[in-house]
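**Q** Mind looking over this structure? Questions follow.
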Amino acid sequence: EFPNFRSVIVRGLYPVAEGGAGLRKALDDVRYQVSEAIAGGARLVVLSDRESNETYAPIPSLLLTSAVHHHLVREKTRTKVGLIVESGDAREVHHMALLIGFGAAAVNPYMAFETVDEAVQNNELQGVTLDKGIQNYIKAAGKGVLKVMSKMGISTLASYTGAQLFQVIGLSQELVDEYFTGLQSSLGGIGLDEIAADVAVRHASAYLDRPEERAHRELEVGGEYQWRREGEYHLFNPDTVFKLQHSTRTGQYEVFKEYTKLVDDQSERLAALRGLFEFKKGVREPVPLDEVEPATEIVKRFSTGAMSYGSISAEAHETLAIAMNRLGGRSNSGEGGENPARFTPDENGDWRRSAIKQVASGRFGVTSHYLTNCTDIQIKMAQGAKPG
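Written out as structure tokens, the structure reads:
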């Protein structure tokens, strides 16, 4: 019907048993198929991971999309075709933003749509029809991507497509150079072998050795969003939260030390980037303590981020101010002003006044009384994360 917009579907699957080598070969094959499709006059290429089975697993959609995108850039044929990604692993706003940022013109998150369908059929979405549920999901995802774009000062999808405004964490530079060209992986990381191994774990949970068991089991929740006993490890879990709350409420320092030990163990479990950081020991003689500042003086240069009480609650805002005033450091009021009652010390000697008062472009809550009750005045020249 539209000969100038002929489309071709290219399957993004690979033989899971062949590991990283099979994944690499499949990516090469997909790129070759896309090039052939363009040479044959195709103007829309659908990269789809449908039709996976016991033998063939889906190639991660971001890897697939970026690999094809950069291959076409190198071939100087990228502008001849639009990439549509039909993916089962895309479900969050972040996933959509990444796919678009690495070259996708449109995304069909079919598994998310099927999940909405199941929720409607099970009456988990009261009063919502399937069409309305799908419409709500698309609207929410679209608004989410728009918000991500606006944080970078971008207002049109065309400007965001293929912009690659991301940082790479945990991928090897060799992998990045080949499939995410133009980015820098400062810390290094995994390659195709490890990615294939991760895919194989999820694939095995979908295709058990005994087929009769597949329809009578529940998939693991995973615990990505909330802590689960058998799920992903979280920095803030029931143990750490309990130890912190119990120690502060009862004033038991020993319990607090148990809390700090749990936090220190997070580095050993590589729960954060700082877990990769180690101090070199024995390289030089330690500096005598009497030649350096004591900790009581160092903490006086500490300051908190600018957060309004509306963003974190009045209780949290005042607690930060009290803590920094006890240390001799400085808390920041953020925009929106500050209750004048906080300018006067409390009866127990605590002070809820923020030492740094912020003046935002809207000057919300800014008065002469507000400005005279501070140590520093911080003037915001650009509002939020949207420059200008």
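Take any residue in the sequence shown, note its place counting from 1, add 204, and you have its number in my numbering. For glycine and all other residues, C-beta sits at the position ideal for the given N, C-alpha and C. Being a predicted model, the structure only gives us computed values, none of them experimental.
(1) Just to confirm the assignment, what range does the beta strand (DSSP E) spanning Leu251 have?
(2) Alpha carbon to alpha carbon, what distance is there between Val214 and Glu222?
(3) Judging by CA-CA distance, which residue of Met353, Gly386, Lys343 is the nearest neighbour of His275?
(4) Given 8 angstroms as the limit, is there contact between the segment 237-255 and the segment 263-283, that is, 3 or more CB pairs closer than that?
(5) Which class does Glu378 belong to by DSSP, given the choice of helix, strand or coil?
(6) Between Pro591 and the rest of its own chain, which residues show a CB-CB distance below 8 angstroms, the 5 nearest in sequence each way excluded?
(7) Comparing C-alpha positions only, which one of Asn577, Ser558, Lys584, Gly244 sits nearest to Arg567?
(8) If you follow the alpha helix (DSSP H) that Tyr314 is in, where does it begin and where does it stop?
(9) Arg278 lies in the alpha helix (DSSP H); which residues open and close that run?
(10) Could you give the residue range of the beta strand (DSSP E) that holds Asp580?
(11) Let me know the secondary structure DSSP gives Ala510 once reduced to three states.
(12) I'd like the span of the beta strand (DSSP E) that includes Tyr218, first residue to last.
(13) Once the 5 residues before and after Leu217 are set aside, which same chain residues still bring their CB inside 8 angstroms of it?
(14) With H, G and I counted as helix, E and B as strand and the rest as coil, what does DSSP make of Gly592?
(15) My assumption, with CB atoms under 8 angstroms, is that Gly305 sits in contact with Leu287. Please give the rounded CB distance.
(16) Label Gln562 either buried or exposed according to how many other C-beta atoms from any shown protein chain fall within 10 Å of its C-beta, with 16 as the threshold for buried.
(17) Under 8 angstroms by Cβ, that's how I've got Ala243 and Val212 pegged, so tell me the actual separation to the nearest angstrom.
(18) Assign Thr283 to one of two classes, buried (16 or more other C-beta atoms within 10 Å of its C-beta) or exposed (fewer than that).
(19) Could you name each continuous alpha helix (DSSP H) segment of 4 residues or more that falls completely within the segment 358-402, going from the start of the chain to the end?
(20) Apart from the five residues just before and just after Gly292, which ones in its own chain have a Cβ nearer than 7 angstroms to its Cβ?
(21) Secondary structure at Asn552, three-state DSSP: helix, strand or coil?
(22) Given this structure, state the Cα-to-Cα distance separating Lys504 from Gly533, to the nearest angstrom.
(23) Taking Cβ positions, are Phe483 and Ser471 nearer each other than 9 angstroms?
(24) Beta strand (DSSP E) containing Lys561: first to last residue?
(25) Among the candidates Ile342, Asn208, Leu396, Tyr364, whose CA atom is the shortest distance from the CA of Leu379?
(26) Between the C-alpha atoms of Ser572 and Ile516, what's the straight-line distance to the nearest angstrom?
(27) What does the alpha-carbon distance come out to for the pair Cys578 and Thr444?
(28) Please classify Ile526 as buried or exposed, where buried requires at least 16 neighbouring CB atoms within 10 angstroms.
(29) Check for me: the alpha helix (DSSP H) holding Pro442 runs from which residue to which?
(30) Alpha carbons only, please: which of Asn529, Asn441, Gly331, Gly366 is nearest the one belonging to Met300?
(31) When we look at the beta-carbon of Tyr437 and count the other beta-carbons within 10 Å, is it buried (16 or more) or exposed?
(32) Classify Glu290: buried if its beta carbon has 16 or more other beta carbons within 10 angstroms, exposed otherwise.
**A** Judging by the given coordinates:
(1) Along the sequence shown, read from residue 1 onward, the residue named residue 251 stands at position 47. Leu251 -> beta strand (DSSP E) spans 248-252.
(2) Here residue 222 is taken as the residue at index 18 of the sequence shown, counted from 1. Here residue 214 is taken as the residue at index 10 of the sequence shown, counted from 1. The straight-line gap from Cα to Cα measures roughly 20 angstroms.
(3) Residue 275 sits at position 71 when you count from the first residue of the sequence shown. Checking every option, the nearest Cα to that of His275 belongs to Gly386.
(4) yes
(5) Your numbering for residue 378 matches position 174 in the sequence shown. Reduced to three states, the DSSP call for Glu378 is helix.
(6) Taking the first residue of the sequence shown as position 1, residue 591 is located at position 387. Unreliable positioning characterises Pro591 in this predicted model, as indicated by a pLDDT of 44, which lies under 50. The coordinate reading is nonetheless provided below. Excluding residues up to 5 positions away in sequence, Gly357 lie with their Cβ nearer than 8 angstroms to the Cβ of Pro591 in the same chain.
(7) Taking the sequence shown and counting its residues from 1, the one referred to as residue 567 is at position 363. Answer by Cα proximity: Lys584.
(8) The count along the sequence shown starts at 1 and reaches residue 314 at position 110. Here the alpha helix (DSSP H) through Tyr314 covers 314-325.
(9) Within the sequence shown, residue 278 is the residue found at index 74, counting from 1. Counting along the chain, the alpha helix (DSSP H) containing Arg278 begins and ends at 265-279.
(10) As a working note, residue 580 is residue 376 in the sequence shown. That run of the beta strand (DSSP E) goes 580-583.
(11) One-based indexing of the sequence shown puts residue 510 at position 306. Secondary structure of Ala510 (DSSP, three-state): strand.
(12) Counting from 1 along the sequence shown, the entry for residue 218 is found at position 14. Tyr218 -> beta strand (DSSP E) spans 217-219.
(13) Residue 217 sits at position 13 when you count from the first residue of the sequence shown. Result list for Leu217: Ala230, Asp253, Glu255, Ser256, Tyr260, Ala261, Pro262, Ile263, in chain order.
(14) Locating residue 592 in the sequence shown gives position 388, counting from the first residue. Bear in mind that the predicted position of Gly592 carries a pLDDT of just 38, short of 50, making it unreliable; the figure below should be weighed with that in mind. Gly592: coil per DSSP, three-state reduction.
(15) For the purposes of this step, residue 305 is identified with residue 101 of the sequence shown, where counting begins at 1. For the purposes of this step, residue 287 is identified with residue 83 of the sequence shown, where counting begins at 1. Their Cβ separation, rounded to whole angstroms, is 12 angstroms, which puts Gly305 and Leu287 out of contact at 8 angstroms.
(16) Stepping through the sequence shown from its first residue, residue 562 is reached at position 358. Counting Cβ neighbours within 10 Å, Gln562 comes out buried, since at least 16 surround it.
(17) In the sequence shown, residue 243 corresponds to position 39, counting from 1. In the sequence shown, residue 212 corresponds to position 8, counting from 1. Between Ala243 and Val212 the beta-carbon gap is near 11 angstroms, outside 8 angstroms, which marks them as no contact.
(18) Counted from its first residue, the sequence shown places residue 283 at position 79. When all chains shown are included, Thr283 counts as exposed.
(19) 361-364, 377-383
(20) For the purposes of this step, residue 292 is identified with residue 88 of the sequence shown, where counting begins at 1. Cβ neighbours of Gly292 beyond the five flanking positions: Asp253, Pro262, Tyr314, Met315.
(21) The sequence position of residue 552 within the sequence shown is 348, counting from 1. The answer is coil: DSSP assigns Asn552 none of H, G, I, E or B.
(22) Counting from one through the sequence shown, the residue named residue 504 turns up at place 300. Counting from one through the sequence shown, the residue named residue 533 turns up at place 329. So the two alpha carbons sit approximately 4 angstroms from each other.
(23) In the sequence shown, residue 483 corresponds to position 279, counting from 1. In the sequence shown, residue 471 corresponds to position 267, counting from 1. No, they are not a contact pair.
(24) The residue you call residue 561 lines up with position 357 of the sequence shown. From DSSP, the beta strand (DSSP E) with Lys561 extends over 560-563.
(25) Within the sequence shown, the letter at position 175 stands for residue 379. Of the candidates Ile342, Asn208, Leu396, Tyr364, the one whose C-alpha sits nearest the C-alpha of Leu379 is Leu396.
(26) For the purposes of this step, residue 572 is identified with residue 368 of the sequence shown, where counting begins at 1. For the purposes of this step, residue 516 is identified with residue 312 of the sequence shown, where counting begins at 1. When rounded, the distance between both Cα atoms is 25 angstroms.
(27) Sequence index remark: in the sequence shown, residue 578 carries index 374 (1-based). Sequence index remark: in the sequence shown, residue 444 carries index 240 (1-based). So the two alpha carbons sit approximately 35 angstroms from each other.
(28) Counting from 1 along the sequence shown, the entry for residue 526 is found at position 322. Of the residues assessed, Ile526 falls on the buried side of the cut-off, its CB having 16 or more other CB atoms within 10 angstroms.
(29) Within the sequence shown, residue 442 is the residue found at index 238, counting from 1. From DSSP, the alpha helix (DSSP H) with Pro442 extends over 442-454.
(30) For the purposes of this step, residue 300 is identified with residue 96 of the sequence shown, where counting begins at 1. Of Asn529, Asn441, Gly331, Gly366, the residue nearest in Cα terms is Gly366.
(31) Counting from one through the sequence shown, the residue named residue 437 turns up at place 233. Looking at its Cβ environment, which holds fewer than 16 other Cβ atoms inside 10 Å, Tyr437 is exposed.
(32) Start at 1 with the first residue of the sequence shown, and residue 290 comes out as number 86. With 16 or more Cβ atoms within 10 Å of its Cβ, Glu290 is classed as buried.
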